[in-house]
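Residue numbers (our numbering): -5 to 345.
C-beta: ideal position from N, C-alpha, C; glycine also.
Only a predicted model underlies this, so the values are computations on that prediction, with no experimental measurement involved.
A short write-up of the structure that comes next.
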């Protein structure tokens, strides 16, 4: 009886948050400097679907409106959706593996490595050999992977990767690369603005190639991570207890960290560094589900999509003739939440 009641509660809550996400997705397509009615919006979307396009005529709709929806707003919204989902679940994994509520997907230096790769691509004006994703995104991904490999190799000791060593290695490499990028900027002031705005994150360069690639990476990784929800629950309670129950904790932690970090590397390379999503959305989901990762992971995924789609809609709608970087919006929401979390956790922190 209790299990049935809990399952019903979970299903109702999940339905409501998915409904909210759907409303925000539609709203994201509607909002913008050019007004497009909701009727036009659904006609344009339906007119491009394989079956519905036989019953929907787009003759009465302006070509400019079709272009805005299908080539600008829809791709941007979908890119924000998948990026938010991926970052949120990655944050959920990091917080579970490290048993630290303040862990986020950039803890191991993935963002710094991506920023360094992107900086080199911008400063050296590397030819756009990767037409689909761009040289900046390609270099950012390479930088993120190289740093990730370096951090893992530094932390590895006798076949194990102690949590504290991983965290300290990530912090050290973050500081080092940030300083190195600042030094590069000192001698290349003319490119300072381009590098700075890339690091704040944006979805303005969204295209269908990026969306399909990112969607495949995120969906496959999320399904893979979800298989380990039981192990994550055990590790959260006690690693010793998990080992007594037959869980290879080191192996599971390594697999989950690598999977989550690779996904984050792809997201950062595609969209830039967007902070606080992977920090605050798992906590928001945890308020509804509790610590059980069987429920927490899907809720984190949906909450991440909600937060990112809403943030991007605000980023391009607040100012009439300008766009704010989405990283600024997420920080405006994220910093107060982080300070609140820090205040609540101060008794358990070692200073």
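In angstroms with no decimal places, state the Cα-to-Cα distance between residue i and residue j.
i, j, result
"residue 331", "residue 55", "43 Å"
"residue 145", "residue 272", "20 Å"
"residue 3", "residue 289", "11 Å"
"residue 40", "residue 46", "6 Å"
"residue 29", "residue -1", "44 Å"
"residue 82", "residue 107", "20 Å"
"residue 38", "residue 151", "57 Å"
"residue 312", "residue 238", "54 Å"
"residue 287", "residue 250", "13 Å"
"residue 317", "residue 133", "25 Å"
"residue 44", "residue 185", "44 Å"
"residue 34", "residue 1", "38 Å"
"residue 52", "residue 202", "21 Å"
"residue 210", "residue 148", "30 Å"
"residue 278", "residue -3", "23 Å"
"residue 97", "residue 275", "12 Å"
"residue 381", "residue 265", "No answer is possible for residue 381: the residues shown for the chain start at -5 and end at 345."
"residue 79", "residue 50", "32 Å"
"residue 10", "residue 16", "10 Å"
"residue 156", "residue 337", "27 Å"
"residue 142", "residue 253", "11 Å"
"residue 180", "residue 138", "23 Å"
"residue 193", "residue 248", "27 Å"
"residue 189", "residue 182", "10 Å"
"residue 8", "residue 173", "43 Å"
"residue 136", "residue 112", "9 Å"
"residue 244", "residue 325", "33 Å"
"residue 62", "residue 304", "19 Å"
Starting from residue i, trace the alpha helix (DSSP H) both ways and give me its first and last residue.
i, result
"residue 100", "Premise fails: residue 100 is in no alpha helix (DSSP H) and is neither H nor E."
"residue 184", "Careful: residue 184 lies outside any alpha helix (DSSP H) and carries neither H nor E."
"residue 76", "68 to 91"
"residue 253", "243 to 265"
"residue 149", "129 to 149"
"residue 94", "Neither: residue 94 is in no alpha helix (DSSP H) and is coded neither H nor E."
"residue 271", "271 to 283"
"residue 229", "223 to 231"
Cβ atoms of residue j and residue i: under 8 Å apart, would you say?
i, j, result
"residue 222", "residue 246", "yes"
"residue 321", "residue 195", "yes"
"residue 99", "residue 88", "yes"
"residue 117", "residue 178", "yes"
"residue 109", "residue 130", "no"
"residue 197", "residue 306", "yes"
"residue 84", "residue 258", "yes"
"residue 327", "residue 270", "yes"
"residue 12", "residue 24", "no"
"residue 229", "residue 20", "no"
"residue 101", "residue 175", "no"
"residue 212", "residue 104", "no"
"residue 71", "residue 42", "no"
"residue 302", "residue 14", "no"
"residue 205", "residue 18", "no"
"residue 308", "residue 323", "yes"
"residue 77", "residue 268", "yes"
"residue 200", "residue 285", "no"
Check whether the Cβ of residue i lies closer than 8 Å to any Cβ atom in chain C.
i, result
"residue 112", "No chain C is part of this structure, which consists of one protein chain only."
Open item on the list: Threshold first: 3 residues or longer. Then list the beta strand (DSSP E) segments lying entirely within the region 287 to 343, N to C.
Closed with: Here no run is fully enclosed.
Open item on the list: As an exercise, report each continuous alpha helix (DSSP H) stretch of at least 4 residues that is fully enclosed by the region 15 to 59, in chain order.
Closed with: Qualifying alpha helix (DSSP H) stretches, in chain order: 32 to 40.
Task: Uninterrupted alpha helix (DSSP H) stretches inside the region 150 to 217 (no shorter than 4 residues) - done: DSSP assignment within the region 150 to 217 yields the following whole alpha helix (DSSP H) runs of 4 residues or more, N-terminal first: 157 to 180, 186 to 194.
Task: Validate contact between the region 282 to 302 and the region 207 to 226 using beta carbons, cut 8 Å, 3 pairs - done: Yes, the region 282 to 302 touches the region 207 to 226.
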